[in-house]
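Numbering (the UniProt record's numbering), first residue to last: 1 to 89.
We put the beta carbon where it would ideally sit given N, CA and C, even for glycine.
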Amino acid sequence: MQVLVRDNNVDQALRVLKKKLQREGVFREMKARRSYEKQSEKRIREKDEAIRRARKDAKKRAQREGLLPKPKRKAPTRPRKTQSPSSAS
């Protein structure tokens, strides 16, 4: 996997690399391989994940079809303008 470093901006390159690794599932794979997981436990975990995904998809589908209310959106927060001591008088 390659990441280009532009203008000696290593921080940006690290962010890009981390995002690529997350998309590829490398972190998830490392976490899973820390310790051995029995096949029966793996099967149970994957089944639970599939059920969770199916419920989430069904909920989204119901919201799209108007059967459930859509989630309320949070109002964007705006930074408050503070007065400097010189402009207060």
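{"Check": "Simplified DSSP assignment, three categories, for GLN12", "Outcome": "helix"}
{"Check": "Delimiting residues of the alpha helix (DSSP H) encompassing SER40", "Outcome": "39-64"}
{"Check": "Assigned secondary structure, VAL5 (DSSP; H/G/I helix, E/B strand, else coil)", "Outcome": "coil"}
{"Check": "Integer Cβ distance of VAL3 from ALA13, believed to fall under 8 Å", "Outcome": "5 Å"}
{"Check": "Check whether LYS70 and GLN63 have beta carbons under 8 Å apart", "Outcome": "yes"}
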